[in-house]
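Peer 1: Right, I'll just put the structure down here and ask away after.
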Amino acid sequence: MWVLGAGMAGLCAAARARELGAAPLVLEKGSRAGGSMLLSSGVVWRYRSFDEFRAQCPGGDERLQRLVFDGLDKGLEWLESLGAPVVERETGNPLTSGVRFDTQGLTDALVRAAGEVRFGQGPGTVPGAWPEGTAVLATGGFQGDRELVERYVRPAAPLRVRANPWSTGDGLRAGLERGAELSDGLDEFYGRNMADVDFGEGEFVSLAQVYGRYARIVNERGEEFFDGAAVSWSELDLVQATAHQPGARAWYLLDEKALEQRVRYGTVGDLVAQAPTRVPPDQLSFPADGAAAAVRVAAAITHTIGGLRVDGRARVLGVDGQPLDGLYAAGADAGGISTGGYASGLASALVLGRAAAEDAVR
Ligand SMILES: Cc1cc2nc3c(=O)[nH]c(=O)nc-3n(C[C@H](O)[C@H](O)[C@H](O)COP(=O)(O)OP(=O)(O)OC[C@H]3O[C@@H](n4cnc5c(N)ncnc54)[C@H](O)[C@@H]3O)c2cc1C
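And the structure:
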């Protein structure tokens, strides 16, 4: 059994397969394990009720949502049993429950349990390296490939990438070559509006500007394109709307009252003070009446939401709706779970990764 990708989904699949008596081999394209999971905040979560999940992600595949919702608590216990260190047992969001892990410790625990990982390898890295036999595609989505993003997500949108550099759609391409069907929601993505500067992976969290709900939101021409008061808790709708604006950029205009609002790690004013792209409103090229501060943001993609269509056993489905022999997908390679909204990518990677292993080893 081959597992392609040593991120959250691939390591969970390999660790579970090994536990069930198989001897999986993990091929990892990059130079380290952990994928985007290692760079993440490490919160593995679900909505508190299934109805809330449906309401938040109305376009998602209900069977897959049920699988993730029902399977998460068991998955979390299993991660802890492997020695993954827990940082917090709450998410800080009344809509959700979950566990925050130390991501280096989680990676180490999963690598120990997963067995052999070969680095610098995988389809798309070595010519003819497509493995024979059962394979789990867990390459982390296609956000790192400009051509695929422009084809499926936004034509000519210069989205910045806020993810590991190796997830460039190799799983998607490998599935399509084998006759796979695509999921719904191909044009949707999870991401953040970031301060509009070049950034590295150490700044993925610190440069994220997650207070758009308190702002007046305008594009570079000064045109209001999204009602700040209507922004969702995850601010994902705002990021996606920003991606449609010229240059995939926006300005957050904040009045005095907005600056006083409390967010998770202080006030909006604290965050604005740290934003490298704040400017005095009177220096803008358009009128910003009533604004006390302005911050320029750019839409960045963390991972794609659409991908390969899978069934409730993580089997990749062909265009005829039938499973493709021996081919599984998990994590961001498996699409259509959170269509229409946002759900934990780590949770679906965990649950689908385990499901793929359990089906493959049966
Ligand atoms: C800053 C940040 C914060 C986040 N915070 C959270 C959070 O708190 N909670 C949450 O639920 N989600 C969060 N996420 C999202 C989460 O990290 C992803 O949803 C999750 O990692 C997806 O798992 P995956 O296995 O699909 O991809 P990854 O974990 O990215 O793993 C994919 C792996 O596949 C490898 N790969 C790519 N191509 C190939 C190939 N051809 N052959 C072999 N290997 C290949 C990659 O190198 C990578 O190691 C965050 C992400 C970021 C960047």
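Using the numbering used here, you'd call the opening residue of the sequence shown number 450 and step up by one each time. Note that beta-carbon positions come from the ideal geometry of N, C-alpha and C, so glycine has one too.
How many Å lie between G618 and H752 at the Cα?
Peer 2: Locating residue 618 in the sequence shown gives position 169, where the first residue counts as 1. Locating residue 752 in the sequence shown gives position 303, where the first residue counts as 1. Between G618 and H752, the C-alpha separation is close to 11 Å.
Peer 1: Could you please give me the residues that DSSP links to L685 through a beta bridge?
Peer 2: The count along the sequence shown starts at 1 and reaches residue 685 at position 236. None, per the DSSP bridge assignment.
Peer 1: If we count the other Cβ atoms within 10 Å of its Cβ and call it buried at 16 or more, is V598 buried or exposed?
Peer 2: Counted from its first residue, the sequence shown places residue 598 at position 149. Under this definition V598 is a buried residue.
Peer 1: Which residue from V717, G593 and V759 puts its Cα closest to that of W615?
Peer 2: Taking the first residue of the sequence shown as 1, we reach residue 615 at position 166. It is G593.
Peer 1: Touching or not, the segment 715-729 and the segment 761-768, by the rule of three or more beta carbon pairs under 8 Å?
Peer 2: At 8 Å Cβ cutoff, the stretches do not touch.
Peer 1: On a CA-only basis, which of L476, R713, G755 and R665 is nearest F568? Give me that one, please.
Peer 2: Your numbering for residue 568 matches position 119 in the sequence shown. Among L476, R713, G755 and R665, the Cα nearest to that of F568 is on L476.
Peer 1: Please report the straight-line C-alpha distance between D686 and G620, rounded to a whole angstrom.
Peer 2: The residue you call residue 686 lines up with position 237 of the sequence shown. The residue you call residue 620 lines up with position 171 of the sequence shown. Their backbone Cα atoms lie some 26 Å apart in a straight line.
Peer 1: Would you call the CB atoms of D645 and A740 closer than 8 Å?
Peer 2: As a working note, residue 645 is residue 196 in the sequence shown. As a working note, residue 740 is residue 291 in the sequence shown. Not in contact: D645 and A740 (Cβ atoms no closer than 8 Å).
Peer 1: Excluding the 5 residues flanking G790 on each side, which residues of the same chain have their C-beta closer than 6 Å to its C-beta?
Peer 2: Along the sequence shown, one-based indexing puts residue 790 at 341. Contacts found: Q505 and C506.
Peer 1: If you count every other CB in all the chains shown that lies within 10 Å of the CB of K706, and 16 or more means buried, which is it?
Peer 2: Within the sequence shown, residue 706 is the residue found at index 257, counting from 1. By the neighbour-count rule (16 or more Cβ atoms within 10 Å), K706 is not buried but exposed.
Peer 1: Work out the CA separation of Q570 and V712 for me, nearest whole Å.
Peer 2: Along the sequence shown, read from residue 1 onward, the residue named residue 712 stands at position 263. Along the sequence shown, read from residue 1 onward, the residue named residue 570 stands at position 121. One C-alpha to the other measures close to 42 Å.
Peer 1: For ligand 1, is there any heavy atom lying closer than 7 Å to the beta carbon of R609?
Peer 2: By one-based count along the sequence shown, residue 609 stands at place 160. Because no heavy atom of ligand 1 lies under 7 Å away, the Cβ of R609 does not count as near it: no.
Peer 1: Have a look at F674 and G661 and give me their C-alpha separation to the nearest angstrom.
Peer 2: Here residue 674 is taken as the residue at index 225 of the sequence shown, counted from 1. Here residue 661 is taken as the residue at index 212 of the sequence shown, counted from 1. Going from the Cα of F674 to the Cα of G661 covers about 12 Å.
Peer 1: Nearest-angstrom Cα distance between D541 and P473?
Peer 2: Taking the sequence shown and counting its residues from 1, one reaches residue 541 at position 92. Taking the sequence shown and counting its residues from 1, one reaches residue 473 at position 24. The sequence given here places Gly at residue 541; Asp does not occur at that position. Distance between the alpha carbons of G541 and P473 is about 37 Å.
Peer 1: Consider the C-beta atom of W615 and the heavy atoms of ligand 1; say whether any pair is separated by less than 7 Å.
Peer 2: For the purposes of this step, residue 615 is taken as residue 166 along the sequence shown, with counting starting at 1. For ligand 1, at least one heavy atom lies less than 7 Å from the Cβ of W615.
Peer 1: Kindly examine ligand 1 and report whether one of its heavy atoms sits closer than 7 Å to the Cβ of V654.
Peer 2: Sequence index remark: in the sequence shown, residue 654 carries index 205 (1-based). At least one heavy atom of ligand 1 is nearer than 7 Å to the Cβ of V654, so yes.
Peer 1: For ligand 1, is there a heavy atom less than 7 Å away from the beta-carbon of H752?
Peer 2: Here residue 752 refers to the residue found at position 303 of the sequence shown. Yes; taking the cut-off as 7 Å, the Cβ of H752 has a heavy atom of ligand 1 nearer than that.
Peer 1: Are there three or more Cβ pairs, one per stretch, closer than 8 Å when the segment 535-551 is compared with the segment 652-666?
Peer 2: Touching, no, given that fewer than three Cβ pairs across the two stretches are closer than 8 Å.
Peer 1: Just checking G590 against ligand 1 - is the residue's beta carbon closer than 7 Å to any of the ligand's heavy atoms?
Peer 2: Stepping through the sequence shown from its first residue, residue 590 is reached at position 141. G590: yes, Cβ under 7 Å from ligand 1.
Peer 1: Taking C-beta to C-beta, are A606 and A692 nearer than 8 Å?
Peer 2: Residue 606 sits at position 157 when you count from the first residue of the sequence shown. Residue 692 sits at position 243 when you count from the first residue of the sequence shown. Yes, Cβ-Cβ distance for A606 and A692 is below 8 Å.
Peer 1: Could you have a look at V814 and say whether DSSP puts it in helix, strand or coil?
Peer 2: Limits of the chain in this structure are 450 at one end and 811 at the other, which puts residue 814 out of reach.
Peer 1: According to DSSP, simplified to helix, strand and coil, what is T556?
Peer 2: Position 107 of the sequence shown, counted from the start, is the residue given in the question as residue 556. Of the three classes helix, strand and coil, the one that applies to T556 here is helix, per DSSP.
Peer 1: Nearest CA to the CA of G628: which residue from D782, S797, R745 and L776?
Peer 2: Translated into the one-based positions of the sequence shown, residue 628 becomes position 179. Selected option, being the one with the closest Cα: L776.
Peer 1: Just the Cα atoms here: how many angstroms apart are D519 and W494?
Peer 2: The residue labelled residue 519 in the question sits at position 70 within the sequence shown. The residue labelled residue 494 in the question sits at position 45 within the sequence shown. Whole-angstrom Cα-Cα distance: 12 Å.
Peer 1: Determine which residues share a DSSP beta bridge with L631 and list them.
Peer 2: On the sequence shown, position 182 is the one that residue 631 refers to. According to DSSP, L631 bridges with L757.
Peer 1: Which whole runs of the alpha helix (DSSP H) in the segment 737-810 are 4 residues long or more, in chain order?
Peer 2: Complete alpha helix (DSSP H) runs here, min 4: 794-810.
Peer 1: Using 10 angstroms around the beta-carbon of G651, count the other beta-carbons present and answer buried if the total reaches 16, otherwise exposed.
Peer 2: Position 202 of the sequence shown, counted from the start, is the residue given in the question as residue 651. So G651 counts as exposed.
Peer 1: Below 7 Å, is the gap between the Cβ of E477 and the nearest heavy atom of ligand 1?
Peer 2: Position 28 of the sequence shown holds residue 477. Checking every heavy atom of ligand 1 against the Cβ of E477, one is found closer than 7 Å.
Peer 1: By Cβ distance below 7 Å, which residues in the same chain neighbour E630 in space, the five residues on each side in sequence not counted?
Peer 2: Indexing the sequence shown from 1 puts residue 630 at position 181. Counting only Cβ-Cβ distances below 7 Å, and skipping sequence neighbours, we find R758, L766, G767 and V768.
Peer 1: With DSSP run on the structure shown, which of helix, strand or coil describes L586?
Peer 2: Residue numbering aside, residue 586 sits at position 137 when the sequence shown is read from its first letter. If DSSP states are grouped into helix, strand and coil, L586 belongs with the strands.
Peer 1: Would you mind working out which of F653, L656, W700 and R481 sits nearest D434, comparing C-alpha positions?
Peer 2: The displayed coordinates of the chain run from 450 to 811. Any statement about residue 434 would go beyond what the structure contains.
Peer 1: Indicate, with yes or no, if ligand 1 has a heavy atom lying under 7 Å from the CB of M457.
Peer 2: Mapped onto the sequence shown, residue 457 falls at position 8. Answer for M457: yes, Cβ within range of ligand 1.
Peer 1: Going along the chain, which residues of its own chain have a beta-carbon closer than 6 Å to the beta-carbon of S490, five neighbours each way excluded?
Peer 2: Against the sequence shown, residue 490 aligns to sequence position 41. Excluding positions up to five away in sequence, the list is empty.
Peer 1: What do you reckon, is the C-beta of V493 under 7 Å from a heavy atom of ligand 1?
Peer 2: Walking along the sequence shown from the start, residue 493 turns up at place 44. Flag set: Cβ of V493 near ligand 1.
Peer 1: In its own chain, which residues sit with a C-beta less than 7 Å from the C-beta of T788, not counting the 5 before and 5 after it?
Peer 2: As a first step, residue 788 is located in the sequence shown; it is residue number 339 there, counting from the start. Once the five neighbours on either side are set aside, the close Cβ partners of T788 are C506, G508, G509, D633, G634, E637 and I754.
Peer 1: How many angstroms separate the CA atom of V566 from the CA atom of A781?
Peer 2: On the sequence shown, residue 566 is found 117 positions in, with the first residue counted as 1. On the sequence shown, residue 781 is found 332 positions in, with the first residue counted as 1. So the two alpha carbons sit approximately 20 Å from each other.
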